[in-house]
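Novice: Residue numbers (the UniProt record's numbering): 1 to 360.
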Ligand code: SF4
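And the structure:
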């Protein structure tokens with residue numbers, strides 16, 4: 001198997017009402033920052049994430065209170081719920097019983113064989129997958145001793161170690177992540193993993209930082225992986241409101257033509273020819289199209305000199321002209337509109353084009 005076709009050549013794995021892998025699209029994931037046992041706060045945050053375009057959500061499960069809250073959370077949300085467990089197999093069993101759509105636990109860390117078997121049996125009975133989450137910062141001692149420090153080979157070896165435990169129990173609904181905060185290391189690990197097994201890959205660059213720096217670091221690492229054809233789910237990890245993670249994910253998917261349900265803004269960098277307050281208009285239009293679920297392209301350009309022609313691929317756009325705006329479609333001017341109303345006119349046209357898309 002080559003890396004280039006890994007995304008579409010992965011084993012299909014069901015997570016709630018979604019199927020990850022196979023020929024399916026890449027899904028956007030995030031993780032809540034609320035205390036999971038605070039059901040009201042957790043549900044409220046998940047609803048905001050859903051609204052922003054999150055397709056799968058993960059919650060931390062540090063204790064029994066959290067595990068016993070899963071059912072109540074599930075009842076109130078519409079997207080699959082992944083429960084993140086470290087070591088404690090009893091929490092995994094409770095989360096599965098409560099209706100988790102997937103659990104994230106490393107079978108090699110559970111302990112005695114009977115405990116692993118109990119978790120695998122419960123997951124099988126409910127038909128839910130297990131995500132193996134390899135993290136460069138917490139590789140098993142025997143792997144660190146062998147390689148001396150976290151390496152891509154060591155991370156893949158760790159993944160294979162956990163995979164084997166599940167496969168030996170005839171369990172194959174597996175998803176794997178190989179996260180590292182070192183971008184090069186993560187890229188190398190995912191590349192090697194894609195050649196070592198055909199389970200779907202959940203992409204992430206961990207501990208990537210604040211909203212600004214973390215978005216850039218994530219875009220660099222995840223962008224490299226996406227361009228190689230890797231990844232079935234993806235999370236951007238930021239020290240920020242998780243809704244920001246979704247926004248970055250969506251932009252990244254758009255860049256690589258992997259989003260079929262979001263609009264894209266094209267805006268010029270501005271220069272001395274600028275005729276309108278382009279920066280604030282671009283921000284307003286970006287906000288406006290963020291909820292549009294059609295893959296349309298909208299352009300806002302500072303002037304008409306090179307304007308419409310510079311954005312020929314746009315379905316609709318506006319270019320500033322002295323005291324007015326030129327509305328254009330696919331590089332051709334449709335009509336002139338007064339500067340005071342041009343953004344409203346553009347929004348109306350955007351709505352029409354989005355409707356046309358859904359009527360097609
Ligand atoms: Fe400059 Fe006009 Fe091009 Fe914007 S569209 S960068 S204002 S020439």
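Don't be surprised by glycine CBs; every beta carbon is placed ideally from N, CA and C.
Taking 9 Å as the CB-CB cut-off, is residue 260 touching chain C?
Specialist: Going by chain labels, chain C is absent from the structure shown, which holds only one protein chain.
Novice: How far does the alpha helix (DSSP H) with residue 296 in it reach, from first residue to last?
Specialist: Mapped onto the chain shown, residue 296 falls at position 296. Per DSSP, residue 296 belongs to no alpha helix (DSSP H) and is neither H nor E.
Novice: Just how far apart, CA to CA, sit residue 1 and residue 190?
Specialist: Numbered from 1 along the chain shown, position 1 holds the residue referred to as residue 1. Numbered from 1 along the chain shown, position 190 holds the residue referred to as residue 190. In this prediction, residue 1 has a pLDDT of 44, which is less than 50 and means its spatial position is unreliable; what the coordinates show is noted afterwards. Their Cα atoms are separated by approximately 14 Å.
Novice: Apply the 10 Å Cβ neighbour rule to residue 87 and answer buried if 16 or more other Cβ atoms are within range, or exposed otherwise.
Specialist: As a first step, residue 87 is located in the chain shown; it is residue number 87 there, counting from the start. Result: exposed.
Novice: Out of 53, 19, 111, point me to the one whose CA is closest to residue 263's CA.
Specialist: Locating residue 263 in the chain shown gives position 263, counting from the first residue. Cα-wise, what sits closest to residue 263 is 53.
Novice: Measuring straight from C-alpha to C-alpha, what distance separates residue 153 and residue 122?
Specialist: Along the chain shown, read from residue 1 onward, the residue named residue 153 stands at position 153. Along the chain shown, read from residue 1 onward, the residue named residue 122 stands at position 122. For residue 153 and residue 122, the distance between alpha carbons rounds to 31 Å.
Novice: Buried or exposed for residue 6, please, with buried defined as at least 16 other CB atoms from any protein chain shown within 10 angstroms of its CB.
Specialist: For the purposes of this step, residue 6 is identified with residue 6 of the chain shown, where counting begins at 1. Buried: at least 16 other Cβ atoms inside 10 Å.
Novice: Could you tell me if residue 348 is buried or exposed, where buried requires 16 or more neighbouring beta carbons within 10 angstroms of its beta carbon?
Specialist: Counting from one through the chain shown, the residue named residue 348 turns up at place 348. Residue 348 comes out exposed.
Novice: Ignore the nearest five residues each way along the sequence and tell me which others in residue 270's own chain have a CB closer than 8 Å to its CB.
Specialist: Against the chain shown, residue 270 aligns to sequence position 270. 278, 279, 302.
Novice: My parser needs the beta strand (DSSP E) runs of 3 or more residues fully inside the segment 229-272; what are they?
Specialist: Listed in chain order, they are 233-236, 264-267.
Novice: Applying the 10 Å Cβ sphere with the 16-neighbour rule, what's the burial state of residue 66?
Specialist: As a first step, residue 66 must be located in the chain shown, where it is residue number 66. With 16 or more Cβ atoms within 10 Å of its Cβ, residue 66 is classed as buried.
Novice: Is it true that the CB of residue 124 sits closer than 9 Å to the CB of residue 171?
Specialist: Taking the first residue of the chain shown as 1, we reach residue 171 at position 171. Taking the first residue of the chain shown as 1, we reach residue 124 at position 124. Closer than 9 Å, so yes.
Novice: Ignoring anything shorter than 4 residues, give me the alpha helix (DSSP H) runs that lie fully in the segment 38-77, in order along the chain.
Specialist: Qualifying alpha helix (DSSP H) stretches, in chain order: 39-52, 64-67, 70-75.
Novice: Go through its chain and collect everything with a Cβ distance to residue 139's Cβ below 6 Å, but skip five positions before and after it.
Specialist: Within the chain shown, numbered from 1, the residue matching residue 139 stands at position 139. Closer than 6 Å at Cβ, skipping near neighbours: 150, 154, 158.
Novice: Residue 286: beta carbon under 8 Å from a heavy atom of the ligand SF4?
Specialist: Translated into the one-based positions of the chain shown, residue 286 becomes position 286. Checking the Cβ of residue 286 against the ligand SF4 gives no.
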